[in-house]
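Notes follow the structure.
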Amino acid sequence: MKVARFSTPGDDPRFAIVDDDELVVLAGDPMFAGYHPTGERVPLADARLLAPVIPRSKVVCVGLNYAEHRQDMANSVDAPENPLIFLKPNTAVIGPGDAIQIPPVEGRITHESELVVVIGRIAKQVPAERWADYVFGYTIGNDVSARDQMFADGQWARAKGYDTFAPLGPWIETELDPSDLEISSQVDGEPRRHGNTKDLLHKIPELIAYITDVWTMLPGDVIMTGTPSGLGGFVHGQTIDITIEGIGTLSNPARNRDAPAP
């Protein structure tokens, strides 16, 4: 089941189930209120899709979680044996179609194509064998990074935490086996990153157990599970498309933060 968060002109954000080219409107957020259709249907073409979830407290990211990407970064970052976890603020989250705003900094801005786990209930010290009890569903994420700032700072908070550096969408898929999904990305139609979740070095059960031993995860918090290898750079005016099998495509244009709005 695909759960979307959307708006129409003059209305507050609402939730719906995606039914082909229509949205079946729900009474409230299904994460908390369950699935109760109102009887209203909205053509998908008439709706603006929003970030399907706004994390209550945090976006947890996992670095260097594919072997080939780890090799790509070997000369710049030391990879630990345990999952390499870090945080993005929830103010970095934007939705499908929203512009990634490139800050006026030197060096490369890169995208990272990631399967995202959406947490559905309070999770603290979750045993790996119970991981699925805490998952609401899955969406697509783009872990945008100011790559040269990462290396200059020696830590990643600034380089990965800018506003708009965590696109999520287009919706949450609640019925999905995350163990073998193709991931790919394009920049202006040019193939860039490609991989499969079967190649995650640290699998989702391990990640949930490890992360919830450190931080309490709240309903709506998300885990970005890492990016496969490939070229990630983009510049003003380009569009980044990330596709994950079984979910769909997350698309975001990029523009310089100080550029006039189109």
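Counted from 1, the sequence shown has number 208 at position 208 by the UniProt record's numbering; the numbering is strictly sequential.
All C-beta atoms, glycine included, are put in the ideal place defined by N, C-alpha and C.
Quiz item: Which word fits ASP143, buried or exposed, when buried means at least 16 other C-beta atoms lie within 10 angstroms of its C-beta?
Solution: buried
Check: Is any heavy atom of the ligand PLP found at a distance shorter than 7 Å from the C-beta of PRO170?
Finding: Because no ligand of any kind appears in the structure shown, any question about the ligand PLP cannot be addressed here.
* Asked: Apart from the five residues just before and just after residue 263, which ones in its own chain have a Cβ nearer than 8 Å to its Cβ?
  -> Lying before the first or after the last residue shown, residue 263 is absent from the chain, which here runs from 1 to 262.
How many Å lie between GLU106 and GLN71 at the Cα?
24 Å
The alpha helix (DSSP H) enclosing GLY161, as first and last residue numbers: 157-161
**Study point:** GLU40, DSSP secondary structure in three states
**Key:** strand
**Q.** Cutoff 7 Å; reference GLY120; Cβ partners in own chain excluding five residues on either side
**A.** MET31, TYR134, VAL135, PHE136, PRO219
message = Am I right that ASN196 and ASP180 are in contact with their C-beta atoms under 8 Å? What's the rounded C-beta distance?
response = 6 Å
Closest Cα partner of ASN82 within the set THR249, VAL222, VAL214: VAL214
| request: State buried or exposed for GLU112, treating a residue as buried only when at least 16 other CB atoms are found within 10 Å of its CB. | output: buried
- Query: Do ARG108 and ASP46 come within 8 Å of each other at the CB atom, strictly closer than that value?
  - Reply: no
* To do: Tell me the start and end of each unbroken alpha helix (DSSP H) in the stretch 122-183 that is at least 4 residues and wholly inside, in chain order.
  => 147-153, 157-161
Query raised in the report: Relative to the alpha-carbon of ILE240, which residue among LEU207, GLY141, ALA33, GLY154 has its alpha-carbon at the smallest distance?
Result: GLY141
**Report entry** Among GLY10, LEU49, ALA67, nearest to LYS2 - alpha-carbon criterion
**Finding:** LEU49
Secondary structure at ILE244, three-state DSSP: helix, strand or coil?
-> strand
Can you tell me whether GLU114 is helix, strand or coil according to DSSP?
strand
What first and last residue would you give for the beta strand (DSSP E) that runs through ALA209? Premise fails: ALA209 lies in the alpha helix (DSSP H), 204-214, not in any beta strand (DSSP E).
Using 8 Å as the cut-off, can you tell me whether the stretch 149-164 makes contact with the stretch 200-213, which would need three or more C-beta pairs spanning the two stretches below that distance?
no
Practice task
Would you identify the three-state DSSP class for THR227, choosing helix, strand or coil?
Solution key: coil
- Message: Give me, in chain order, the residues of the same chain whose beta-carbon lies closer than 6 Å to that of VAL53; leave out the 5 immediate sequence neighbours on both sides.
- Response: VAL118, GLY220
*Can you tell which of THR225, GLY233, VAL60, PRO103 has its C-alpha closest to the C-alpha of PRO89?*
VAL60
Review point. From which residue to which residue does the beta strand (DSSP E) around PHE15 run?
Key: 14-19
Nearest residue (CA-CA) to PRO170, options ASP98, ALA33, ALA51, PRO55 = ALA51
Margin query: With a threshold of 6 Å on Cβ separation, who are the neighbours of VAL116 within its own chain once the five nearest residues in sequence on each side are excluded?
Written below: THR139, GLY141, VAL222, MET224
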